[in-house]
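One structure is given below, encoded as structure tokens.
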Amino acid sequence: MDKHHVGFKAAPGLIALALLSTVSNAAAQDASPDTDNAKKLGTVIVTGTRADNRTENSSLTPIDVVSAQALQQTGTTELSTALARIIPSISFPRPAASDTADSQRPVQLRGLAPDQVLVLVDGKRWHPGALLLTNGVLGRGSQAVDLNTIPIGAIDHIEVLRDGASAQYGSDAIAGVINVVLKKGAAGGEVDVSGGQYSAGDGRQWLGSASFGVPLNNDKGWIRFTLQDGNQDYTNRAEPNRTRAWEGTTQRFGDPAVKDHNLLLNAQYDIASGVELYAFGHYGNRNSVSPAFFRNVASSNSVPSLYPHGYLPLEHADSTDQSLVVGLRGKTDSGWRWDISGNYGGNRVSYATDNSVNRAFLHDFGYSPTAFHDGILRSTQQSLDVDIAKELSTSWLPNPVTLAFGAQYLRQTYKIEAGDLSSWYTGTSGVSGGAQGFGGFQPTDAGAYSRHDIAEYISLETNLTDRFGASASLRHEDYSDFGSTTSGALAGRFDFTDRFALRGSASTGFRAPSLAQQHYSYTSSLYYGTGNSLHLPAGIYNTGLVPVNSAVGQLLGAEPLEPEKSRNYTFGAVWNATDALNLSLDVYQITIDNRITLSSNLATTSPKVQAYLAAHGIRNSNYSGIAYFTNAVNTRTRGVDLVASYLSDFGDAGSLQSTLSYNYNKNKVIDIKPNPAILDQLGVNLKRIDRRDQYGLLADTTPRSKLILNEVYNIHRWSFDGTLTRYGSWVSYNSSTAALDQTFGAKWILDLAVNYTLNRWTFTLGGNNVLNTYPDHVIPANDNNGALPYSVFSPFGFNGAYVYGKVAYRW
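In terms of the working numbering, the sequence shown opens at residue 2 and continues consecutively.
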């Protein structure tokens, strides 16, 4: 066994059996009720329901409530990483060496695309980032929300709805909803400082955070401030190139270097009896530096006159995030609850490359800059929301009916600004153009796009009997760029006893193709290994991502995008066996038609393709292949979620909170639309969807199973926290050659922390991945001659053990 690796293979059925055995043993123990646990079960939820009296324990659909304390106990400063360590159906890939995909890492729910989970903050739609994931990473083709822009210190709790919710919230809620609920009120505050580094000696991090409230005008209102500032050094797990070992380690392969600054304000003020003015806003800036691929002196992209020993281009992403929500809400004397709000959010990413060169510019003008401004991406979102609800009593139902209805106007924009001339210049000499590593956006890429959507919804929710609860929702949307759609949802729950209930739901959903997916245009240079979809020798090649309405895209089969349509079914059971033991089990199926994906890279280098393009006016493309977005596949997701928690109360000897959660999730491409006729005419190597996407990125490159066992033992001033996570096996598929596929084994990750509280101070010492577990090494055929020894698809990264300390002062 590799000394880095700890783990073994286990079938999902055996794990489920072990879980049930653990739960049965826990149920047999004696325990007394716990105040915190009872409070959790009694907390009113606001996600997936318009009623004002639903709790996590009485929810009609599966929902997880994650406290701020649970987030902080994970030992990470990243919100997405924290959620992935708590909820097994959430995954947070850590791509590396993929242009700047590591600067806005996406979160996934149930293995679906990052843009198929809707993110809300205090119930308001949060804006997506401007970055589009265009390389061979999990979430490829998505324009996702960047959860890590939200500082953990501002969060009261998070509600994760594991069910389709397009009928309640509109586009993007196919996999579910993550609703971040902010801290409120003037009371209480916290200041904390944390720092740590990886056992390999790199990746040093520090973060400072402060959160506090101030009362306004004799307690008529309040305003809360959360400030966060952090720094992260890069990590590097690259190894020397086998063919040029004398050069040492020249590649960087790991997490980027990041500087991060965030400010979040949340406020409320009583302006009249029963009327509140509320607002929350965020400003954040993140500057990250990611490596490209090393150009050695023997490569075709070498420039010995500038870099006699080769060079490693560095890609900078300067991301600025802004948002503001302002609204009025209240309740009339007759019981009507109303909420009117305006919502703005936007993200701007400015790209730059240094330690680089433009070889075409150097050839034509005799010199080249070594630093380049590559262009800017901007994405904005504005909405106006009106929400109205009331509990209506009827003579023919035993309980009130919650009637809710409302409307939303949503406007979205996307803009691409070209980089400096030297960043994208290609010339006509045939020498490779554009800044090496990340060529700039060209004037032909630039453009500004917008659309709007008008939506209306209505929902009904009640307990038809004292034991049978039900809800129904309907939502209509009308987008200016592709038309209208209607989604519906039904949910029900029957409580056989006060402790056992069955629940189920059925819904339809949709996701509108994003503006970026419709209009993004860019030429990038990537390393393509053996058996690549371009059918070229392993090396670095330029490929173009072209809009579906571009001339070259339409010539090679691109078609206007349509919305994705989904059908979601969930059935589960909730069992509170004792006051201390709580269990839930939910099985689900999600089918998605017209799934929007990036096509494979369609090679354009063959004489037949070149002649075809030239005959239609495309003569100088500066790339070896193209890709475009397409509704080419239908997918099916099936899985099960199991959550069990047990509280052991030992009196003066402390208490032990045990939580065991498990997710099994299988994604499968069940239908692929035929290739456009022109692709078949031009050659069998031109496949719209290759096997890497069909079997991997849309299916088995995310582990099918994930198990999390968390134990928190509290005694007097001490708290001990341990989390054991098992990531199931997963497969990395080659684009064209099955012999180059690789199965990566299951791994166990152990996180430990100890806390000591003295008055208002808390001191923490912890370690994540304390056993220093690494994923399996990549097989030699896929590791770029040893320079990239680990897979970018690893669900827990490949940085090894991380040790940290934290000091917090709370009042």
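In this text, a Cβ means the ideal position worked out from N, Cα and C, and glycines have one as well.
Original post:
In three-state terms, what does DSSP make of I87?
Top reply: Against the sequence shown, residue 87 aligns to sequence position 86. If DSSP states are grouped into helix, strand and coil, I87 belongs with the helices.
**OP:** Return the CA-CA distance between V259 and Q198, expressed in angstroms with no decimal places.
**Re:** Counting from one through the sequence shown, the residue named residue 259 turns up at place 258. Counting from one through the sequence shown, the residue named residue 198 turns up at place 197. Taking the straight line from one Cα to the other gives about 14 Å.
**OP:** Report buried or exposed for V358, applying the criterion of at least 16 other Cβ atoms within 10 angstroms of its Cβ.
**Re:** Residue 358 sits at position 357 when you count from the first residue of the sequence shown. With 16 or more other Cβ atoms within 10 Å, it is buried.
Original post:
Which residue's Cα is closest to the Cα of G196: V779, F764, G801, G787?
Top reply: Locating residue 196 in the sequence shown gives position 195, where the first residue counts as 1. Measuring from the Cα of G196, the nearest candidate turns out to be F764.
Original post:
Under the DSSP definition of a beta bridge, which residues are partnered with T660?
Top reply: Reading the sequence shown from its first residue, position 659 is the one you call residue 660. DSSP, once it has assigned bridges, lists S646, N711 as partnering T660.
Original post:
Any beta-carbon of chain B closer than 8 Å to the one on L80?
Top reply: No chain B is part of this structure, which consists of one protein chain only.
Subject >> Cutoff 6 Å; reference S303; Cβ partners in own chain excluding five residues on either side >> reply: Counted from its first residue, the sequence shown places residue 303 at position 302. Correct list, in chain order: R296.
Subject >> Inter-stretch contact at 8 Å, needing at least 3 Cβ pairs: the region 275 to 292 / the region 315 to 325 >> reply: Result yes; three or more Cβ-Cβ pairs closer than 8 Å.
**OP:** Starting from the N-terminal side, write out each stretch of the beta strand (DSSP E) that is 3 residues or longer and does not extend beyond the region 253 to 293.
**Re:** 258 to 273, 276 to 292
Original post:
For S656, which residues of its own chain have a beta-carbon under 6 Å away from its beta-carbon, when the five flanking residues on both sides are left out?
Top reply: As a first step, residue 656 is located in the sequence shown; it is residue number 655 there, counting from the start. The answer, listed in chain order, is D650, N715.
**OP:** Kindly confirm or deny that the region 639 to 650 and the region 694 to 702 touch, where touching means at least three C-beta pairs closer than 8 Å.
**Re:** no
Subject >> Inter-stretch contact (C-beta, 8 Å, three-pair minimum) for the region 737 to 752 and the region 764 to 780 >> reply: yes
**OP:** Report yes if the C-beta distance between V549 and E560 is below 8 Å; otherwise report no.
**Re:** The residue given as residue 549 occupies position 548 in the sequence shown. The residue given as residue 560 occupies position 559 in the sequence shown. Cβ atoms of V549 and E560: closer than 8 Å.
Original post:
Who are the Cβ neighbours of L725 in its own chain at under 7 Å, not counting the five residues just before and after it?
Top reply: Locating residue 725 in the sequence shown gives position 724, where the first residue counts as 1. The answer, listed in chain order, is L710, W749, L751.
Subject >> Neighbourhood of A405 by C-beta distance below 6 Å, restricted to the same chain and skipping five residues each side >> reply: In the sequence shown, residue 405 corresponds to position 404, counting from 1. So the list reads R51, A390, S460, once near-sequence residues are dropped.
**OP:** Give every residue of the same chain whose Cβ lies closer than 6 Å to the Cβ of L385, excluding the five residues on either side of it in the sequence, and list them in chain order.
**Re:** One-based indexing of the sequence shown puts residue 385 at position 384. Closer than 6 Å at Cβ, skipping near neighbours: G343, Y410.
Original post:
Whole-angstrom Cβ separation of V178 and L119, contact assumed at under 8 Å?
Top reply: The residue you call residue 178 lines up with position 177 of the sequence shown. The residue you call residue 119 lines up with position 118 of the sequence shown. V178 to L119, Cβ: 5 Å. Contact.
**OP:** Scan the region 439 to 500 and note each continuous beta strand (DSSP E) run of 3 residues or more that stays entirely inside, going in chain order.
**Re:** 448 to 464, 469 to 480, 484 to 496
Subject >> Same chain only: Cβ atoms within 6 Å of N583, ignoring 5 sequence neighbours per side >> reply: Here residue 583 corresponds to residue number 582 of the sequence shown, with the count starting at 1. Leaving aside the five residues that flank N583 on each side, the residues in its chain whose CB is nearer than 6 Å to its CB run, in chain order, N577, S646.
Original post:
Between the region 264 to 277 and the region 235 to 242, do at least 3 Cβ pairs fall closer than 8 Å?
Top reply: By the C-beta criterion, the region 264 to 277 is judged not to be in contact with the region 235 to 242, since fewer than 3 inter-stretch pairs fall below 8 Å.
Subject >> P370, DSSP secondary structure in three states >> reply: On the sequence shown, residue 370 is found 369 positions in, with the first residue counted as 1. DSSP places P370 in coil when its eight states are reduced to three.
Subject >> Residue range of the unbroken alpha helix (DSSP H) whose run includes K609 >> reply: Sequence index remark: in the sequence shown, residue 609 carries index 608 (1-based). K609 -> alpha helix (DSSP H) spans 608 to 616.
Original post:
With distances taken from CA atoms, which of Y810, S200, L110 is nearest P704?
Top reply: Taking the first residue of the sequence shown as position 1, residue 704 is located at position 703. It is L110.
**OP:** Rank T606, N664, A513, A628 by C-alpha distance to the C-alpha of V588 and give the top, closest one.
**Re:** Walking along the sequence shown from the start, residue 588 turns up at place 587. When only C-alpha atoms are compared, the closest one is N664.
Original post:
For K667, which residues from the same chain have a beta carbon less than 6 Å from its beta carbon, with the 5 sequence-adjacent residues on both sides left out?
Top reply: Position 666 of the sequence shown, counted from the first residue, corresponds to residue 667. Within the same chain, and ignoring the five residues on either side of K667 in sequence, the residues whose Cβ sits closer than 6 Å to its Cβ are R639, R705.
Subject >> Whether G436 touches F373 by CB criterion (8 Å) >> reply: Walking along the sequence shown from the start, residue 436 turns up at place 435. Walking along the sequence shown from the start, residue 373 turns up at place 372. Here residue 436 is Ala; the residue named in the question, Gly, does not match the sequence. Yes, the pair counts as a contact, with Cβ atoms nearer than the cut-off.
**OP:** Count the other C-beta atoms from every protein chain shown that fall within 10 angstroms of the C-beta of F439, then say buried if there are 16 or more, exposed otherwise.
**Re:** As a working note, residue 439 is residue 438 in the sequence shown. Answer is buried; the Cβ neighbour count reaches 16.
Subject >> Assigned secondary structure, E79 (DSSP; H/G/I helix, E/B strand, else coil) >> reply: By one-based count along the sequence shown, residue 79 stands at place 78. It is coil, neither helix nor strand.
Original post:
To which residues of the same chain is L557 closer than 6 Å at the C-beta, ignoring the five residues directly before and after it?
Top reply: In the sequence shown, the residue the question calls residue 557 occupies position 556. These residues qualify, in order along the chain: L603.
**OP:** Would you mind stating whether D334 and D388 have Cβ atoms separated by less than 8 Å?
**Re:** Stepping through the sequence shown from its first residue, residue 334 is reached at position 333. Stepping through the sequence shown from its first residue, residue 388 is reached at position 387. Cβ distance not < 8 Å, so D334 and D388 don't count as in contact.
Subject >> Buried or exposed by the 16-neighbour rule on C-beta atoms within 10 Å, applied to A739 >> reply: Within the sequence shown, residue 739 is the residue found at index 738, counting from 1. By the 10 Å Cβ count, A739 comes out exposed.
Original post:
Hey, would you say V181 sits closer than 8 Å to I156, going by beta carbons?
Top reply: Along the sequence shown, read from residue 1 onward, the residue named residue 181 stands at position 180. Along the sequence shown, read from residue 1 onward, the residue named residue 156 stands at position 155. Closer than 8 Å, so yes.
Subject >> Three-state class that DSSP yields for W425 in the structure shown >> reply: Position 424 of the sequence shown, counting from 1, holds the residue named residue 425. Helix, per DSSP.
Original post:
Thinking just about the alpha-carbon of each residue, which of G367, P63, V771 is nearest to the one in G573?
Top reply: Counting from 1 along the sequence shown, the entry for residue 573 is found at position 572. When only C-alpha atoms are compared, the closest one is P63.
Original post:
Taking all protein chains shown into account, do 16 or more other C-beta atoms lie within 10 angstroms of the C-beta of W337, making it buried, or fewer, making it exposed?
Top reply: Indexing the sequence shown from 1 puts residue 337 at position 336. Exposed is the call here.
Original post:
In chain order, what residues of the same chain lie with their CB nearer than 6 Å to the CB of T82, ignoring the 5 residues before and after it?
Top reply: The residue labelled residue 82 in the question sits at position 81 within the sequence shown. Cβ neighbours of T82 beyond the five flanking positions: F93.
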